[in-house]
Amino acid sequence: MRIIDKLIPPPPDKRILLPKLEEFHLPRLGLKRKTQKVFTFAFDSMFYRGLGFNNRYETFIKPFEKIFPEESSIDDVLIELKEEVRNFVVEGLLTPEVKIGTYIPTKYGLLRTYTFPRTIKKSELLQSVELYIEQDIAENFPNTEVLYAYDILESEPDAPYRVLVVIVETEIVRKVENLFAEFNLSLDLISFEPICVINLGLLKNLPQPFAILYTDVNKILIVYYRKDTVLYESFSFLFTGEEIPEDVLNLVLWDIRNYIVLNDINNIFLAGIVTEYEPLMDFFLERLPIFGIITIDKFPERYALTYTLGERLLNG
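My numbering puts the first residue of the sequence shown at 56, with every later residue one more than the last.
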């Protein structure tokens, strides 16, 4: 078990699971800056995608994606992704100067928020956090090696301490790192999918509290963020671009609506792959209490989280 440094940069370990959940510090207009390049990618059991762009939002690696016809092992997905990376290296597009980032899919980890009274000492707080994390690991990852990181979030002087914790399986992190190590490259940022969704909301300056219904090839992920709580839930959903039977969609959306009602979630925004297809997006808007739609403008909507990772690397 190993604690992951959350700082930027975090020598000697560049793995970062928990970037601070703060507003993005975007560059001021009119200032000349050295061109910076980022390469960010996402992967899961049915797809991988990625892109490379610089701080002027010019792409040096065009958005690319592969969707697998059925559920595949992560090893098979990463093998094919490695060939894409190999080509980028051979073409001179991926070099050590390019900052690289990704996120771990939701199913390989856990996000928690712990609350502690402000009256306890800092040493007691840290001991309590470690104890809670050990309990969560024992309950949720009993026979699995894990990595974890936590951040004590900012709050009012008299408000309780809030601690945000991420726990992920070690094996998946090592596999991704090893893929790039073969080309003498290292990752500057490894985040966690629900954290990326929250950072997407912060990047878009959504009013807090907010919830994002993020849609992807094989899942619908709802994440609710407010000062004292983070809630999230993943729902199975297979999107292939083909017409989906209405009864199948209704079943999924019924479960999502129940989750929203049970947890009193509001201020919900729709994001991700579904927003690329107007008929399907309208179906979601008609059946769920969605307040608005998140668009990223610069790239196709399915690249919302990889774009967010890029912003973190450029401006975090």
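Every residue gets a Cβ at the ideal spot worked out from N, C-alpha and C, and that includes glycine.
- A Cβ-Cβ distance of about 7 Å is found for the pair Arg104 and Thr361, placing them in contact under the 8 Å criterion.
- With 16 or more neighbouring CB atoms inside 10 Å of its own CB, Glu366 falls in the buried class.
- Fully enclosed alpha helix (DSSP H) runs of no fewer than 4 residues occupy 129 to 145 of the segment 81 to 161, in order along the chain.
- Taken through DSSP and simplified to helix, strand or coil, Arg357 comes out as helix.
- Here Ser289 carries a strand assignment [DSSP, helix/strand/coil].
- The beta strand (DSSP E) runs lying completely inside the segment 196 to 231 and spanning 3 residues or more are 201 to 208 and 216 to 224, given in chain order.
- Phe346: member of the beta strand (DSSP E) spanning Ile345 to Ile348, first to last residue.
- The C-beta distance from Phe292 to Lys274 rounds to 6 Å, short enough to fall under 8 Å.
- In the three-state scheme derived from DSSP, where H, G and I count as helix and E and B as strand, Arg167 is classed as strand.
- Distance from the Cα of Phe238 is smallest, within the candidate group Pro118, Ile345, Phe171 and Glu139, for Glu139.
- The continuous alpha helix (DSSP H) containing Tyr314 extends over residues Glu301 to Leu317.
- Cβ-Cβ separation between Val201 and Glu224: approximately 6 Å, consistent with a contact (criterion under 8 Å).
- With contacts defined as CB atoms closer than 7 Å, Lys154 and Leu368 qualify as a contacting pair.
- One thing to note: Ile323 has its Cβ within 7 Å of the Cβ of Ile345.
- Lys177 is bridged by DSSP to nothing; it lacks a bridge partner.
- In the three-state scheme derived from DSSP, where H, G and I count as helix and E and B as strand, Ile253 is classed as helix.
- In the structure shown, Ile277 adopts extended strand secondary structure according to DSSP, grouped into three states.
- Between the segment 216 to 235 and the segment 159 to 171, the count of C-beta pairs closer than 8 Å reaches three or more; the two stretches touch.
- Looking at Leu343, Gly156 and Glu179, the one whose alpha-carbon comes closest to that of Val316 is Leu343.
- Rounded to whole angstroms, the gap between the alpha carbons of Thr150 and Glu120 is 21 Å.
- In the assembly as shown, Leu244 is a buried residue. Its beta-carbon has 16 or more other beta-carbons within 10 Å.
- In chain order, Ile277 and Tyr314 place their CB closer than 6 Å to the CB of Glu288, counting only its own chain and leaving out the 5 sequence neighbours on each side.
- Judged by DSSP secondary structure, Asp283 falls outside any alpha helix (DSSP H); it is assigned neither H nor E.
- Judged by DSSP secondary structure, Leu242 falls outside any alpha helix (DSSP H); it is assigned neither H nor E.
- Annotation for Thr330: Thr270, Met336, Ile348, Ile349, Thr350 and Glu356 place their beta carbon closer than 8 Å to its own, counting only its chain and skipping 5 residues before and after.
- For Leu335, the enclosing alpha helix (DSSP H) starts and ends at Glu333 to Arg342.
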